[in-house]
Amino acid sequence: MLETTRTYRAKIVNHSQVSDDLDQCGFSASKLWNVARYYTQGRWDEDGEIPDDGELKSELKEHERYRDLHSQSSQRVLEELAESFTSWYKARQRGDENANPPGYRKHGDEHPRSTVTWKQKGIKHDSKHNQLRLSKGFNHKESPSDFILCEYETRPDVTVENIQQVRAVWNGDRWELHLVCKVEIPVEDAPGDNTAGIDLGIKNYLAIAYDDGDAELYPGNVLKQDKHYFTRDEYDTEGENGPSRCALRARQKLSRRKDHFLHTLAKHIVERCIDHEVGRIAIGDLSEIREDENGEARNWGKRGNKKLHGWEFDRFTRLLEYKAEEHGILVDRTNERDTSKTCWCCGRKRDANRVERGLYVCELCGATMNADVNGALNIRRKITQNPPTGDMSNGRLARPVAYLFTQTSGSFHPREQVGCEP
Ligand SMILES: [Zn+2]
Numbered sequence: 001m002l003e004t005t006r007t008y009r010a011k012i013v014n015h016s017q018v019s020d021d022l023d024q025c026g027f028s029a030s031k032l033w034n035v036a037r038y039y040t041q042g043r044w045d046e047d048g049e050i051p052d053d054g055e056l057k058s059e060l061k062e063h064e065r066y067r068d069l070h071s072q073s074s075q076r077v078l079e080e081l082a083e084s085f086t087s088w089y090k091a092r093q094r095g096d097e098n099a100n101p102p103g104y105r106k107h108g109d110e111h112p113r114s115t116v117t118w119k120q121k122g123i124k125h126d127s128k129h130n131q132l133r134l135s136k137g138f139n140h141k142e143s144p145s146d147f148i149l150c151e152y153e154t155r156p157d158v159t160v161e162n163i164q165q166v167r168a169v170w171n172g173d174r175w176e177l178h179l180v181c182k183v184e185i186p187v188e189d190a191p192g193d194n195t196a197g198i199d200l201g202i203k204n205y206l207a208i209a210y211d212d213g214d215a216e217l218y219p220g221n222v223l224k225q226d227k228h229y230f231t232r233d234e235y236d237t238e239g240e241n242g243p244s245r246c247a248l249r250a251r252q253k254l255s256r257r258k259d260h261f262l263h264t265l266a267k268h269i270v271e272r273c274i275d276h277e278v279g280r281i282a283i284g285d286l287s288e289i290r291e292d293e294n295g296e297a298r299n300w301g302k303r304g305n306k307k308l309h310g311w312e313f314d315r316f317t318r319l320l321e322y323k324a325e326e327h328g329i330l331v332d333r334t335n336e337r338d339t340s341k342t343c344w345c346c347g348r349k350r351d352a353n354r355v356e357r358g359l360y361v362c363e364l365c366g367a368t369m370n371a372d373v374n375g376a377l378n379i380r381r382k383i384t385q386n387p388p389t390g391d392m393s394n395g396r397l398a399r400p401v402a403y404l405f406t407q408t409s410g411s412f413h414p415r416e417q418v419g420c421e422p
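Throughout the sequence shown, residue numbering follows the UniProt record's numbering, covering 1 to 422 in sequence.
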């Protein structure tokens, strides 16, 4: 068994009943942050030193603002401040002139709603009724047993148990809870010794190539339609005071749908890898390089087939790692430099990669392949020298199976099946 933690997002069902109390906690966390920020400045000005979280806790534990929150919640605020100061200090020592120390949390006379963390002593969980009792600070308690009672809701496939931490996070419109749970994952034997390569992009969100010559494409069509729709909607409603409530809701809806897409895709890919007896997946890591040697953005031209941003890559890859590790499958992040320029078949690297209608055409060896499949094959090769065993003819590599996501069923189907629907 492998012991690890998972963080689940939860919606607060009785939001109107608890939002005032959560506001109070969020404001208190900002105030305590500012008190500690002020203390740290004093120490820095006096003797050029930054207090660590231990010092902050012992110096401030009698402070009035410390008692606005549960002691563990206050401690977490001080730890966060100490962590940000430490990383600023390290950046400064590295000679990073642009690094700024953490600021005060204040906008004019208003305090923002900071994230509030409860640890185990401040949490009582009733898993049967999906309720969480979160302890209030001493100053805000009307009775010794006073607490905030949140009713929550998570994705249906999530089991909430062994909660280590609850974080209340203000998302700009309402509070939501992030539940950090300890989980034990049975480590299965890998489905097999095969390998697969994954290339991430935008036109095709994902391309995967397996040992037996099978290759699949996963277009991001749903995401693009969504984005188009929601972006337009947002322009219409954006007012002088920033995004309207309506625009915020649209943004949240978009983010939920995208979440669903990414979770479903990661799960589906792991299932496909089990079918192909894959024990190891290579995935091109684009968090490092986003520009080629000439400093040009990496893309295939004007057709919008740009690569994903680093953070988005990271998000999907982490989901894939979670789901793969439960089945004993390793995910290797590999440097994807040149994987889109190189012909998988003969290894020739082209200076100017010419791609016609999504096809990579190699003038030297005559290979004609779907460009993303070529990338996936090159990424696969980073972890194995064994060539694929199946039919690698041009026709097969030029026309890989495409799996489309259908919003109604919430699952992926090969294009043929989708085409049969009325
Ligand atoms: Zn070639």
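Ideal placement from N, C-alpha and C gives every residue a C-beta, glycine not left out.
Would you mind working out which of Thr86, Phe147, Gly395, Asp47 sits nearest Gln24, comparing C-alpha positions?
Counted from its first residue, the sequence shown places residue 24 at position 24. When each option's Cα is compared against that of Gln24, the closest is Phe147.
So Ala82 packs on Asp53, CB below 8 angstroms; how close in whole Å?
Residue numbering aside, residue 82 sits at position 82 when the sequence shown is read from its first letter. Residue numbering aside, residue 53 sits at position 53 when the sequence shown is read from its first letter. For a cut-off of 8 angstroms, the C-beta gap from Ala82 to Asp53 is around 4 angstroms, short enough to register as a contact.
Among Glu153, Arg318, Asn335, Glu79, which one has its Cα closest to the Cα of Ser127?
In the sequence shown, the residue the question calls residue 127 occupies position 127. Of Glu153, Arg318, Asn335, Glu79, the residue nearest in Cα terms is Glu153.
Count the other CB atoms within 10 Å of the CB of Leu22; is the residue buried (16 or more) or exposed (fewer)?
To locate residue 22, count along the sequence shown from 1; it is residue 22. Its Cβ being crowded by 16 or more others within 10 Å, Leu22 is buried.
Report the partner residues of Trp170 according to the DSSP bridge assignment.
What you label residue 170 is simply residue 170 of the sequence shown in a count that begins at 1. Its beta-bridge partners are Trp175.
Could you tell me the boundaries of the alpha helix (DSSP H) in which Asp45 lies?
Sequence index remark: in the sequence shown, residue 45 carries index 45 (1-based). Looking at the DSSP string, the run of the alpha helix (DSSP H) that includes Asp45 is 15-47.
Work out the CA separation of Asp211 and Cys345 for me, nearest whole Å.
Here residue 345 refers to the residue found at position 345 of the sequence shown. Here residue 211 refers to the residue found at position 211 of the sequence shown. Near 14 angstroms, if we compare the C-alpha coordinates of Asp211 and Cys345.
Environment of Asp109 [buried if 16+ CB atoms lie within 10 Å]:
Start at 1 with the first residue of the sequence shown, and residue 109 comes out as number 109. When all chains shown are included, Asp109 counts as exposed.
Less than 6 angstroms separating the Cβ of Leu359 from some heavy atom of ligand 1?
Within the sequence shown, numbered from 1, the residue matching residue 359 stands at position 359. The answer is no for Leu359.
Should Tyr360 be labelled buried (16 or more other beta-carbon atoms within 10 Å of its own) or exposed?
Taking the first residue of the sequence shown as position 1, residue 360 is located at position 360. Tyr360 comes out buried.
Exposed or buried, what is Cys273 when buried is set at 16 or more other beta-carbons lying within 10 Å of its beta-carbon?
As a first step, residue 273 is located in the sequence shown; it is residue number 273 there, counting from the start. Burial call: buried.
DSSP-derived helix/strand/coil call for Cys273:
As a first step, residue 273 is located in the sequence shown; it is residue number 273 there, counting from the start. Helix, per DSSP.
Alpha carbon to alpha carbon, how far is Trp118 from Asp96?
Position 118 of the sequence shown, counting from 1, holds the residue named residue 118. Position 96 of the sequence shown, counting from 1, holds the residue named residue 96. Straight-line Cα distance between these residues: approximately 34 angstroms.
Taking the runs of the alpha helix (DSSP H) that are 4 residues or longer, which of them lie wholly in the UniProt domain "Cas12f1-like TNB" (313-379)?
none
So does Ala367 have its beta carbon nearer than 6 angstroms to some heavy atom of ligand 1?
Your numbering for residue 367 matches position 367 in the sequence shown. At a threshold of 6 angstroms, Ala367 counts as near ligand 1, since its beta carbon sits closer than that to one of the ligand's heavy atoms.
Under 6 angstroms: does the beta carbon of Leu404 sit that close to some heavy atom of ligand 3?
The model depicted lacks ligand 3 and carries ligand 1 instead.
Inter-stretch contact at 8 angstroms, needing at least 3 Cβ pairs: the stretch 379-392 / the stretch 405-412
With contact defined as three or more Cβ pairs closer than 8 angstroms, the stretch 379-392 and the stretch 405-412 are not in contact.
Considering only heavy atoms of ligand 1, does any lie closer than 6 angstroms to the CB of Leu364?
In the sequence shown, residue 364 corresponds to position 364, counting from 1. Checking every heavy atom of ligand 1 against the Cβ of Leu364, one is found closer than 6 angstroms.
Between which two residues does the beta strand (DSSP E) harbouring Val158 extend?
Taking the first residue of the sequence shown as position 1, residue 158 is located at position 158. Here Val158 belongs to no beta strand (DSSP E), and DSSP marks it neither H nor E.
What residues match up with Gly197 in a beta bridge as DSSP calls it?
Position 197 of the sequence shown, counting from 1, holds the residue named residue 197. DSSP lists Ala209, Ala282 as partners of Gly197.
Nearest to Ser393 by CA position, among Glu336, Gly366, Ile329, is which residue?
Your numbering for residue 393 matches position 393 in the sequence shown. If we check each option's Cα against that of Ser393, Gly366 comes out closest.
Helix, strand or coil at Asn204 [DSSP, three-state]
In the sequence shown, counting from the first residue as 1, residue 204 sits at position 204. In this structure, Asn204 counts as strand in the three-state DSSP scheme.
DSSP three-state call for Ile116: helix, strand or coil?
Translated into positions along the sequence shown, residue 116 becomes position 116. It should be pointed out that residue 116 corresponds to Val in this sequence rather than to Ile. Correct three-state label for Val116: strand.
Suppose you measure from the CA of Lys57 to the CA of Cys181; what does that come to, to the nearest Å?
Working through the sequence shown from its first residue, we reach residue 57 at position 57. Working through the sequence shown from its first residue, we reach residue 181 at position 181. C-alpha separation (whole angstroms): 26 angstroms.
Nearest-angstrom Cβ-Cβ length linking Asp173 and Gln252, presumed shorter than 8 angstroms:
As a working mapping, residue 173 is identified with position 173 in the sequence shown. As a working mapping, residue 252 is identified with position 252 in the sequence shown. With a contact defined as Cβ atoms closer than 8 angstroms, Asp173 and Gln252 qualify at about 7 angstroms.
Cα-Cα separation, Asn221 to Leu404
Position 221 of the sequence shown, counting from 1, holds the residue named residue 221. Position 404 of the sequence shown, counting from 1, holds the residue named residue 404. Spanning the two alpha carbons is a distance of roughly 8 angstroms.
Rounded C-alpha distance that separates Ala209 from Leu134:
The residue you call residue 209 lines up with position 209 of the sequence shown. The residue you call residue 134 lines up with position 134 of the sequence shown. If you take the alpha carbons of Ala209 and Leu134, they lie about 48 angstroms apart.
Decide if the stretch 35-44 is in contact with the stretch 156-174; the criterion is three or more beta carbon pairs, one per stretch, under 8 angstroms apart.
no
8 angstroms Cβ shell around Glu296 - same chain, five flanking residues per side excluded
On the sequence shown, residue 296 is found 296 positions in, with the first residue counted as 1. Confidence is the limiting factor: at Glu296 the pLDDT is only 40, short of 50, which leaves the residue's position unreliable and the question unanswerable from this model.
Look up His263 in the DSSP assignment and say whether it is helix, strand or coil.
Position 263 of the sequence shown, counting from 1, holds the residue named residue 263. If DSSP states are grouped into helix, strand and coil, His263 belongs with the helices.
Leu60 lies in the alpha helix (DSSP H); which residues open and close that run?
To locate residue 60, count along the sequence shown from 1; it is residue 60. Where Leu60 is concerned, the enclosing alpha helix (DSSP H) stretches over 53-60.
For Tyr104, count neighbouring C-beta atoms within 10 Å of its own C-beta (all shown protein chains included) and say buried if the count is 16 or more, exposed if not.
Residue numbering aside, residue 104 sits at position 104 when the sequence shown is read from its first letter. Flag for Tyr104 reads exposed.
Say yes only if the C-beta of Arg348 is nearer than 6 angstroms to one or more non-hydrogen atoms of ligand 1, and no if none qualify.
In the sequence shown, residue 348 corresponds to position 348, counting from 1. Yes, the beta carbon of Arg348 sits closer than 6 angstroms to at least one heavy atom of ligand 1.
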